[in-house]
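Numbering (the working numbering), first residue to last: 143 to 321.
Working notes, beginning with the structure itself.
Okay, here's the thing in structure tokens:
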């Protein structure tokens, strides 16, 4: 559901686009807060077209070969609203893969490796927080006041989650080292 949502939303925001433009916009505008594997975009474009959510037409630009340009259909516009509304109504439920590692901690023979992996996660999260801040500053100069407010909210939401995870990892490592 996530990939179609972002494809429909990007087509609505930026208008008709070819597949590579959609991928580029995913990286530029969505990658900080949604983890989407870019090769799956073409798969979803094909399925969404078969389901009547988007239409494609061939476009020739200059010396370039023809390419397919996608745009939303009225059904796609309705689907976008339906997905957005379902997310608003959805109850928040956090799920963390590391919880499974800790739940079955007694089955892992190399406890030092787990602690070292948690340290690696901490350093990775620290880098991610730094990258988010840099990207936030890069994006801010290109946005209107309203867009900047929305972008700031998105960046802050993810930064707070990453900072909470970083803090929890620090506490977890300390507790595991004391066991």
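Heads up, the beta-carbon is just placed ideally off N, CA and C, and yes, glycines get one too.
Inset, instruction - Answer yes or no: do residue 274 and residue 238 have a C-beta to C-beta separation smaller than 7 Å? - result: no
Legend entry - For residue 212, the three-state DSSP class (helix, strand or coil): strand
Inset, instruction - Look at residue 195 and residue 218 and say whether their C-beta atoms are less than 7 Å apart. - result: yes
Legend entry - For residue 317, the nearest candidate out of 252, 188, 257 (CA to CA): 257
Legend entry - N- and C-terminal bounds of the beta strand (DSSP E) containing residue 201: 196-201
Inset, instruction - Could you give the DSSP three-state label for residue 160: helix, strand or coil? - result: strand
Inset, instruction - Kindly indicate which three-state DSSP category residue 151 falls into: helix, strand or coil? - result: helix
Inset, instruction - Please report the Cβ distance between residue 148 and residue 178, rounded to the nearest whole angstrom; I am assuming they are in contact, meaning their Cβ atoms lie under 8 Å. - result: 6 Å
Inset, instruction - Taking 8 Å as the threshold, find out whether the stretch 299-310 comes into contact with the stretch 259-279 through three or more Cβ pairs. - result: yes
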